[in-house]
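Asks:
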Amino acid sequence: MKIFKSFEEASSIRNPVVTTGSFDGVHIGHKTILKRLKMLAEKYDGESVLITFDPHPRKVLYPETSGKNLRLINSQQEKLELLKGAGLDNIIIVEFTRDFARTTSEEFVREYLHGILKAKVVVAGFNHHFGFNQEGDYRKLWEMREKYGFEAEEIPEQEVQHETVSSTKIRHAIKDGFIQKANAYLDHYYIVMGQPEKYEYRNNFYEINLARVPLTEECKLLPAPGLYAITLKTVKVRSKGMAIINGNIDRPNEVLINILDGDPISYGVDTTLFFHKKIHGSVNLSDQDDSARRLKAARKEISELIF
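Structure representation (structure tokens):
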């Protein structure tokens, strides 16, 4: 997958089949769009292209309201890995500014999709809006397709158990600790990527080795406090483990981890945590007696799970 930081850098892409959006979570709805991009790219002897934005538009447009405390399912690194795994050919990461936000839907099509990229097909997700004040939608694309020489397609809404999938619903599920529900919407495991660091923890009632994984971006959304069954994966090792989200006020942007399989923790190595299931609610590590019982019980339950 090729990564571009401007439209001009991407001007040589062959017969682009394009979609736009934040694609936070790269969930089942996004994957349906990506699959269609791939099919159309093969049909037109072209390449699939996602135009996405950084920072998230809401952070720029509504910094004191809905964007102020917005937490995202994926860090930039996580999103890129998921998109690469989904088979995307190219991604254009556009710096989102207030000036860029003033671009109308037709200006966006005329200047960028047609003018620079020479898009062959433009694919829009269900209820997708773009351009100044979100006045652009699939109907607008359809009306402009002949004028600017591209085909237009809309992907219908995707449902899981009769519920429409959206990044907002997935964020709520993660925030509330409903990891299995979030995973169903995502069509993959919720992940956290980072590099483990040493963490000093001593419990007089239960010996356990913990490490901390700091988040790479502050706006990354973590699950509700609790103990979770996870898989830890590096380039060389894949291990069953436990994650502790303790809602530490002093260190809110970290995950504590413990490996069950006896493998040593690889400090300073890129590691991906795959979250499978919430085992228990929050644990107070400063309460040694209670935390010892909870940690021991959680490790036992996780060891008996098959994943």
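All the letters of the sequence shown, read from the start, carry residue numbers -13 to 293 under the working numbering. Built from N, CA and C at the ideal position, the CB exists for glycine as well.
1) Figure out for me which residue from Gly180, Val151, Glu186 has the closest Cα to the Cα of asparagine 169.
2) How is the alpha helix (DSSP H) around glutamate 132 delimited, first residue to last?
3) Going by DSSP, what residue range makes up the beta strand (DSSP E) through tyrosine 214?
4) Specify the secondary structure class of phenylalanine 94 as computed by DSSP and reduced to three states.
5) Closer than 8 angstroms by C-beta to leucine 47: which residues in its own chain qualify, once you throw out the five before and the five after it? Chain order, please.
6) Quick one: residues in its chain with C-beta nearer than 8 angstroms to the C-beta of serine 153, no 5 flanking neighbours on either side, listed in chain order?
7) For alanine 197 and serine 289, I'd like the C-alpha separation in whole angstroms.
8) Between the region 141 to 149 and the region -8 to 1, can you find at least three pairs of beta-carbon atoms closer than 8 angstroms?
9) On a Cα-Cα basis, can you pick out the residue from Arg131, Lys106, Arg22, Phe94 that is closest to arginine 0?
10) Kindly indicate the opening and closing residues of the beta strand (DSSP E) around aspartate 40.
11) Beta strand (DSSP E) containing valine 109: first to last residue?
12) Pick helix, strand or coil for asparagine 244, following the three-state DSSP scheme.
13) Over the uninterrupted alpha helix (DSSP H) stretch that includes arginine 280, give me the two end residues.
14) Less than 9 angstroms between the C-beta atoms of valine 109 and valine 3, yes or no?
15) Suppose you measure from the CA of phenylalanine 118 to the CA of methionine -13; what does that come to, to the nearest Å?
16) Answer with buried or exposed for leucine 99, where buried requires no fewer than 16 other C-beta atoms within 10 angstroms of its C-beta.
17) Excluding the five sequence neighbours on either side, which residues of its own chain have a C-beta within less than 8 angstroms of the C-beta of glutamate 145, listed in chain order?
18) State whether the region 217 to 234 contacts the region 259 to 278, with contact taken as three or more CB pairs (one from each stretch) at a distance under 8 angstroms.
19) In whole angstroms, give me the CA-to-CA distance for glutamine 120 and phenylalanine 82.
20) In this structure, does DSSP put arginine 157 in helix, strand or coil?
21) Note down the Cα distance separating lysine 263 from glycine 32, rounded to an integer number of angstroms.
22) Straight-line CA distance for valine 95 to glutamate 240?
23) Helix, strand or coil for phenylalanine -7, going by three-state DSSP, please let me know.
24) Compare the beta carbon distance of leucine 259 and leucine 213 with 9 angstroms and say whether it is the shorter of the two.
25) Grouping DSSP H, G and I as helix and E and B as strand, with all else coil, what is lysine 104?
26) Could you compute how far the alpha carbon of serine 252 sits from the alpha carbon of proline 182?
27) Return the chain-ordered list of same chain residues with a C-beta closer than 7 angstroms to the C-beta of aspartate 275, the five sequence neighbours on each side being excluded.
28) Quick check: the Cα distance between asparagine 195 and leucine 242, rounded to an integer number of angstroms?
29) Where does leucine 201 sit, in a helix, a strand or coil, going by DSSP?
30) At what residues does the alpha helix (DSSP H) containing threonine 18 begin and finish?
31) Starting from valine 46 and walking both ways along the alpha helix (DSSP H), at which residues does that stretch end?
32) When DSSP labels each residue in this structure, what does glycine 71 get in the three-state scheme?
Replies: Here's the rundown:
1) Working through the sequence shown from its first residue, we reach residue 169 at position 183. The shortest Cα separation from asparagine 169 among Gly180, Val151, Glu186 belongs to Val151.
2) To locate residue 132, count along the sequence shown from 1; it is residue 146. Residues 124 to 134.
3) The residue given as residue 214 occupies position 228 in the sequence shown. Start and end: 212 to 219.
4) Within the sequence shown, the letter at position 108 stands for residue 94. Reduced to three states, the DSSP call for phenylalanine 94 is helix.
5) Here residue 47 is taken as the residue at index 61 of the sequence shown, counted from 1. For leucine 47, where only same-chain residues beyond five positions count, the Cβ hits under 8 angstroms are Gly53, Arg84, Ala87.
6) Position 167 of the sequence shown, counted from the start, is the residue given in the question as residue 153. Answer for serine 153: Ser8, Asp10, Gly11, His13, Ile59, listed in chain order.
7) Numbered from its first residue, the sequence shown carries residue 197 at position 211. Numbered from its first residue, the sequence shown carries residue 289 at position 303. Rounded to whole angstroms, alanine 197 to serine 289 spans 19 angstroms at the Cα level.
8) no
9) What you label residue 0 is simply residue 14 of the sequence shown in a count that begins at 1. With distances taken between Cα atoms, arginine 0 lies closest to Lys106.
10) In the sequence shown, the residue the question calls residue 40 occupies position 54. From DSSP, the beta strand (DSSP E) with aspartate 40 extends over 33 to 40.
11) Start at 1 with the first residue of the sequence shown, and residue 109 comes out as number 123. Unbroken beta strand (DSSP E) run through valine 109: 107 to 110.
12) Residue numbering aside, residue 244 sits at position 258 when the sequence shown is read from its first letter. Here asparagine 244 sits in strand by DSSP.
13) Locating residue 280 in the sequence shown gives position 294, counting from the first residue. First-last of the alpha helix (DSSP H) with arginine 280: 274 to 290.
14) Residue numbering aside, residue 109 sits at position 123 when the sequence shown is read from its first letter. Residue numbering aside, residue 3 sits at position 17 when the sequence shown is read from its first letter. Closer than 9 angstroms, so yes.
15) Walking along the sequence shown from the start, residue 118 turns up at place 132. Walking along the sequence shown from the start, residue -13 turns up at place 1. Going from the Cα of phenylalanine 118 to the Cα of methionine -13 covers about 29 angstroms.
16) The sequence position of residue 99 within the sequence shown is 113, counting from 1. Buried, because 16 or more other Cβ atoms sit within 10 Å of the Cβ of leucine 99.
17) For the purposes of this step, residue 145 is taken as residue 159 along the sequence shown, with counting starting at 1. Closer than 8 angstroms at Cβ, skipping near neighbours: Val151.
18) yes
19) Here residue 120 is taken as the residue at index 134 of the sequence shown, counted from 1. Here residue 82 is taken as the residue at index 96 of the sequence shown, counted from 1. Straight-line Cα distance between these residues: approximately 14 angstroms.
20) Here residue 157 corresponds to residue number 171 of the sequence shown, with the count starting at 1. DSSP places arginine 157 in helix when its eight states are reduced to three.
21) As a first step, residue 263 is located in the sequence shown; it is residue number 277 there, counting from the start. As a first step, residue 32 is located in the sequence shown; it is residue number 46 there, counting from the start. For lysine 263 and glycine 32, the distance between alpha carbons rounds to 40 angstroms.
22) Residue numbering aside, residue 95 sits at position 109 when the sequence shown is read from its first letter. Residue numbering aside, residue 240 sits at position 254 when the sequence shown is read from its first letter. Near 41 angstroms, if we compare the C-alpha coordinates of glutamate 240 and valine 95.
23) Locating residue -7 in the sequence shown gives position 7, counting from the first residue. The answer is coil: DSSP assigns phenylalanine -7 none of H, G, I, E or B.
24) As a position in the sequence shown, residue 259 is number 273, starting the count at 1. As a position in the sequence shown, residue 213 is number 227, starting the count at 1. It is not a contact, given that the beta carbons lie outside the stated cut-off.
25) Counted from its first residue, the sequence shown places residue 104 at position 118. Of the three classes helix, strand and coil, the one that applies to lysine 104 here is coil, per DSSP.
26) Within the sequence shown, residue 252 is the residue found at index 266, counting from 1. Within the sequence shown, residue 182 is the residue found at index 196, counting from 1. Approximately 7 angstroms, taken between the alpha carbons.
27) Residue numbering aside, residue 275 sits at position 289 when the sequence shown is read from its first letter. So the list reads Phe191, once near-sequence residues are dropped.
28) The residue labelled residue 195 in the question sits at position 209 within the sequence shown. The residue labelled residue 242 in the question sits at position 256 within the sequence shown. Taking the straight line from one Cα to the other gives about 10 angstroms.
29) Position 215 of the sequence shown, counted from the start, is the residue given in the question as residue 201. DSSP places leucine 201 in coil when its eight states are reduced to three.
30) Locating residue 18 in the sequence shown gives position 32, counting from the first residue. That run of the alpha helix (DSSP H) goes 14 to 29.
31) Along the sequence shown, one-based indexing puts residue 46 at 60. Its alpha helix (DSSP H) spans residues 43 to 47.
32) Taking the sequence shown and counting its residues from 1, the one referred to as residue 71 is at position 85. If DSSP states are grouped into helix, strand and coil, glycine 71 belongs with the helices.
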